[in-house]
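Novice:
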Amino acid sequence: MTTPDRSTFRSRRPRVNAIVALIIAVAGLALGALFLGVTERDDAVLWPAVVFLVLSLVSAVIGILGFRVARGGEGAAALAAPIRVLSVLAFVIGAGGAVLGVASGVSQGSFAAVSVGFLPFLLSLSIMLQGALLYGAAEHSA
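Heads up: the sequence shown begins at 12 in this note's numbering, then just goes up one per residue.
Quick look at the structure:
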């Protein structure tokens, strides 16, 4: 059995992953603003809305760093560590936000908040995937 090469899980086109990360950031910002507007009727949706806004910030930073990786050069390999940290941070924020969203929905009896509570976790998984691909591209550029 052969061991897989470390460079196999990477993006061959990091610019595309950077654009996708920015699109995810815009989608997270739109969802966060939408759910902040809903908080007038349902206070339990506040936590998922805040988590969406924070995740959109993390995704935007990953996208910006992804453009620097796509540009290449000597500094691209140095961006591997910040991209890895931001990818893990996106997962932790998404998982914590899902727990907070579901817990606040259950405690306040809001079915909408319980269902919305799972969405930050799904968004964080997509951010983490883009970050992992960009991390592989940055590590491979060394």
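Each residue gets a CB set at the ideal place from its N, CA and C atoms; glycine is no exception.
The structure presented is a predicted model; accordingly, all values stated were derived computationally and were not measured.
(1) Along the chain, which unbroken stretches of the alpha helix (DSSP H) at least 4 residues long are found entirely within the segment 47-116?
(2) Report the three-state DSSP secondary structure of G120 (helix, strand or coil).
(3) Look up S126 in the DSSP assignment and say whether it is helix, strand or coil.
(4) Let me check understanding here. Comparing Cα to Cα, which of G84, A55 and A148 lies closest to A92?
(5) What's the call for F46, buried or exposed, on a 16-neighbour Cβ count within 10 Å?
(6) Indicate whether L97 and G39 have their beta-carbon atoms separated by less than 8 Å.
Specialist: Result, derived from the coordinates:
(1) 57-82
(2) coil
(3) helix
(4) A148
(5) buried
(6) no
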